[in-house]
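Chains as they are written, first to last, in the working numbering: chain A, -12 to 370; chain B, -12 to 370. Don't be surprised by glycine CBs; every beta carbon is placed ideally from N, CA and C.
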DNA sequence: TTGACATATTTCGATTTCGAAATAACTATC
DNA sequence: GATAGTTATTTCGAAATCGAAATATGTCAA
């Protein structure tokens, strides 16, 4: 999200139009008067904007909403045929893509695997294939692409700076590559942060001004929304709590090497612990089944992991004072099997009360959805 | 800082006037054209605002600045006789107040002690006395009061919610009490955050968009500026890192009670450690002298404390990705005696690089100054 | 001294936005 | 059905802001 320097009147108009569309999508239809209230405009001014967007067919009038009293408002919604956006979310093992129409309805979802050992170039080709598959067979114009990228990024230059779990992934000019290929604007965001955006706009963060998204997959990261804004940090590295040090024995020389949260409790670490507890090979599906079945030997594994996250959440609570903590990623799919011990671990540390802790309900495509929404919300009508 | 819903044209004009004054104070004089650039206005519009403020004598034209080429700009500065603001900063042991004039120059500084055991009412009276002493003997009108309050606050209601180190300090309606007494608007802010504001506007945070102020006195807190904005949190409790758990033995039952950063390394804890190392009574002045003299037995005490803060800064770095960490409070007055081991402790944890760590240079009154600036910047000309 | 440049500021008609009042569209009640 | 009450939307003159051009005020070099 570039720190846009609003300058000319035309740019201001375009920015207000984009904001207006954003609010329509967020609230699933608003009247002119409601728009005026939300955008801090006079009703007459909102009317002018609406008329212009209606004329250009970016929005359409929907049904009239019922009211107890008074003239019923005419609800306005984005025109689904205005165009499409693609959101992509990938990390070390998989690529997820989703297509949404101009009114933010999901049109299609696609998934591809990344094999261990795939080269950076190979991964880039796979991403391009995934996008092509996602957009084929629909005539509506493609207007933008959003990508949730693992690791650190430079959102202004559109470069993926680095990610530990893909060998050779460093300074990849991802935005330029995709915009050259598909001829549309491409926006990058860290993938934990794009999940946080999805939560902010459609999920458990709806209407909240302060929450933390705790994301666990191959790596561990936090997407932080403070005062309604997503934190990025000076170099786009905010939220890298996977590298937080945790108590416990370290790998290697004890005097200088610290054990990190990712060492202790990332998804691979939990699966490894589960394997040694169950004495059999475990993938995530097996872990989920074992947890759902209430398998005895799995519970201590989850409790031990939950304790690490409990410490992290306690610290996040003190530093940010969030209203809510949202768990996203596979662990959220374990339901109360993981959430209960997690809440217990936080409670043990915070006798004076703690933020709500909830599982995300958006599912695996939340990062892709957030990335698509990012592109959507950045988009402006040409003027 | 109330989340102001800008509504009427009059309010917008007043808000722009306040912003204009803020920029003049921040930059110590700007021309009409520079103001237009900074406030995203057309030069002609900036001229209209300037003319109005000149007419009302809130600003005055200063000398013409030199230029290599072109017509030299006429610099504008706030009129020092526009009025005065008081900033107060207090915690468990002392009250500091500073008076600044309309151009943000410090006019007077006052300090009072709080005795251990003073009641809440007694402390409030002492604060009122301090303000009265600060403002006496100056005819210019008092326009506002800012207060840096220890612990948690409700900035909207103007109530101090609670602070561990003053017995009985809970839900104190401080803003109303002072505004009834002095008949001016009163703004509250947590005192670590008012120090962070002082750093942001006048100190080591000038021009930075992401930094953390690490404040150590009786308690320990962090003032966090992310994306140029001060974080407050959902309940105004952001930055309470003094309650972060640190490794080490705990007080009481080891299974449920955790040791906190404040237990381990607040100023009283450091003084206690110094006393047992030096086998003599130590106050902060004695500690500073011992450190300045390079006293052998003191160094391990500082190193041990620095190690705790090193861990905290490492975590802050990962979660916020700040450009800089600013140490404020007494420990900053120890110079390199504390800063060196602190930097070493952070370096040991962050092989991949870490933010700059610097001592504040604003001195003991920085919290009071920040609070005064808060009131100043909130102030708007009546329309 | 004069003219070429450069930058600051003002002028002034055009555009945008506002604010208050008028009008529209609905429900409930007589 | 009329009518009152209520909220949505539009109308229209006033205020704010813009943008481009004109004007002001300095430096520098011939």
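Check, Outcome
"By the three-class DSSP mapping on this structure, what secondary structure does residue 55(B) have?", "coil"
"How about the stretch 311 to 328 of chain A and the stretch 341 to 356 of chain A: do they share at least three Cβ pairs that are nearer than 8 Å?", "yes"
"Rounding to the nearest angstrom, what Cα-Cα distance links residue 100(B) and residue 28(B) in this structure?", "47 Å"
"Spell out whether any CB of chain A is found under 8 Å from the CB atom of residue 231(B).", "yes"
"Select from the stretch 132 to 164 of chain A all residues with a C-beta closer than 8 Å to any C-beta belonging to chain B, and list them in chain order.", "none"
"Closest to residue 264(B) by CA distance: which of 276(B), 254(B), 275(B) and 287(B) is it?", "287(B)"
"Measure the Cβ-Cβ separation of residue 146(B) and residue 160(B) and say whether it is below 8 Å.", "yes"
"Between 342(A), 221(A), 157(A) and 88(A), which lies nearest to residue 111(A) when the distance is taken from Cα to Cα?", "157(A)"
"With a threshold of 16 other CB atoms inside 10 Å of the CB of residue 259(A), please say whether the residue is buried or exposed.", "exposed"
"Tell me the rounded alpha-carbon separation between residue 4(A) and residue 70(A).", "16 Å"
"Let me check understanding here. Comparing Cα to Cα, which of 342(B), 117(B), 230(B) and 152(B) lies closest to residue 205(B)?", "152(B)"
"Let's see if you can read the secondary structure: which residues bound the beta strand (DSSP E) around residue 198(A)?", "198 to 203"
"With 8 Å as the limit, tell me which residues of the stretch 198 to 231 of chain A have their beta carbon closer than that to any beta carbon of chain B; keep them in chain order.", "209, 211, 213, 214, 216, 218, 219, 220, 221, 222, 223, 224, 225, 226, 227, 228, 230 and 231"
"Within its chain, find whatever has a CB closer than 8 Å to the CB of residue 106(A); leave out the 5 residues flanking it on each side and keep chain order.", "155"
"When DSSP labels each residue in this structure, what does residue 66(A) get in the three-state scheme?", "coil"
"Whose CA, out of 51(B), 114(B) and 8(B), lies closest to the CA of residue 66(B)?", "8(B)"
"Does the beta-carbon distance from residue 197(A) to residue 192(B) come in below 8 Å?", "no"
"Can you tell me which of the three DSSP states residue 34(B) falls into?", "helix"
"If I measure Cβ to Cβ from residue 49(B) and keep anything under 6 Å in the same chain, skipping five residues before and after, which residues do I get?", "16, 62 and 64"
"Please list the terminal residues of the continuous alpha helix (DSSP H) segment that includes residue 150(A).", "Careful: residue 150(A) lies outside any alpha helix (DSSP H) and carries neither H nor E."
"Between the stretch 275 to 307 of chain B and chain A, which residues of the former have a C-beta closer than 8 Å to a C-beta of the latter?", "298, 301, 302, 303, 305, 306 and 307"
"Hey, does residue 2(A) have any beta-carbon neighbour from chain B nearer than 8 Å?", "no"
"Can you tell me which residues form a DSSP beta bridge with residue 17(B)?", "63(B)"
"Measuring only the C-alpha atoms, how far is residue 360(A) from residue -5(A)?", "26 Å"
"I'd like the list of long-range same chain contacts for residue 138(A), defined as Cβ closer than 6 Å, with 5 residues on each side in sequence excluded.", "149 and 150"
"Ignore the nearest five residues each way along the sequence and tell me which others in residue 164(B)'s own chain have a CB closer than 7 Å to its CB.", "111"
"Beta strand (DSSP E) containing residue 99(B): first to last residue?", "93 to 100"
"Using a 10 Å radius around the Cβ and a threshold of 16 neighbouring Cβ atoms, would you call residue 267(B) buried or exposed?", "exposed"
"Quick one: what's got a C-beta closer than 6 Å to residue 60(A)'s C-beta in the same chain, skipping five residues either side?", "18 and 52"
"Using a C-beta cutoff of 8 Å, does residue 180(B) count as contacting chain A?", "no"
"In the DSSP output, what is residue 71(A) paired with across the bridge?", "88(A) and 129(A)"
"Under a CB-based cut-off of 8 Å, is residue -3(A) close to chain B?", "no"
"Can you give me the start and stop residues for the beta strand (DSSP E) that residue 207(B) sits inside?", "207 to 213"
"Check each residue of the stretch 306 to 320 of chain A: if its Cβ is closer than 9 Å to any Cβ of chain B, include it; give the result in chain order.", "306, 307, 308, 309, 310 and 311"
"Let me confirm a value: residue 170(B) is counted as buried when at least 16 other C-beta atoms fall within 10 Å, else exposed. Which label applies?", "exposed"
"Would you say residue 245(B) faces chain A, with C-beta separation under 8 Å as the test?", "yes"
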